[in-house]
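> My questions will all concern the structure given below.
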Amino acid sequence: MSGGTTGLGILFIITVLACVWSAEYYESVRGKDPQDFVMDEWAGQLLPIAGFAYWGADPFTPWLLIWSFAGFRIFDIWKPGIVGTIQDRKGVIGLAGDDLIAGLITYILGIMAIFSVNYFYSAG
3 MSGGTTGLGI
13 LFIITVLACV
23 WSAEYYESVR
33 GKDPQDFVMD
43 EWAGQLLPIA
53 GFAYWGADPF
63 TPWLLIWSFA
73 GFRIFDIWKP
83 GIVGTIQDRK
93 GVIGLAGDDL
103 IAGLITYILG
113 IMAIFSVNYF
123 YSAG
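Using the working numbering, the letters of the sequence shown map in sequence onto residues 3 to 126.
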């Protein structure tokens, strides 16, 4: 991607800001957590990708792209713990918060896997 890590970070921030800016209005027009509002999904999916780039990993390697998508979808659909709790809140927190937390969990588990693999291969 042109712009590298900085570009991904800026894209993530712009996506979150656009989501926050439009979420409450969209929800007031379409009802709670409308199915056709997907800006929150974009922000949640971009979080692990931008995070992996920040730590120096190439987020566009096939396994990181697959994990970023699949991990996010798993936590967004399953809604474990805080993800489900946040979704029940009103306004932009409920609309976008669950997706950002699902993306954060995906990112944290991905970073743990990267560090574990690097440790395993460097220790051997």
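Where is the CB? At the ideal position from N, CA and C, for every residue including glycine.
Quick caveat, the model's predicted, so the values are computed rather than measured.
Give a yes or no on contact between the region 22 to 33 and the region 65 to 85, applying the rule of three or more CB pairs nearer than 8 Å.
No, they do not touch.
> Can you tell me whether residue 71 is helix, strand or coil according to DSSP?
Helix, per DSSP.
> For residue 37, count neighbouring Cβ atoms within 10 angstroms of its own Cβ and tell me buried if that reaches 16, exposed if not.
So residue 37 ends up on the exposed side.
> Could you spell out where the alpha helix (DSSP H) holding residue 87 opens and where it closes?
Run containing residue 87: 84 to 89, per the alpha helix (DSSP H) assignment.
> Hey, how far is the Cα of residue 104 from the Cα of residue 120?
Going from the Cα of residue 104 to the Cα of residue 120 covers about 24 Å.
> Using the C-alpha atoms, what's the distance from residue 85 back to residue 3?
No answer about residue 3 holds up, because its pLDDT of 47 lies below 50 and its placement is not dependable.
> Would the beta-carbon of residue 111 fall within 8 Å of that of residue 52?
Contact flag unset, no.
> In angstroms with no decimal places, state the Cα-to-Cα distance between residue 41 and residue 20.
Whole-angstrom Cα-Cα distance: 8 Å.
> Tell me whether residue 17 is buried or exposed, calling it buried when 16 or more other Cβ atoms sit within 10 Å of its Cβ.
When all chains shown are included, residue 17 counts as buried.
> Does the Cβ of residue 82 have 16 or more other Cβ atoms within 10 Å, making it buried, or fewer, making it exposed?
Exposed: under 16 other Cβ atoms inside 10 Å.
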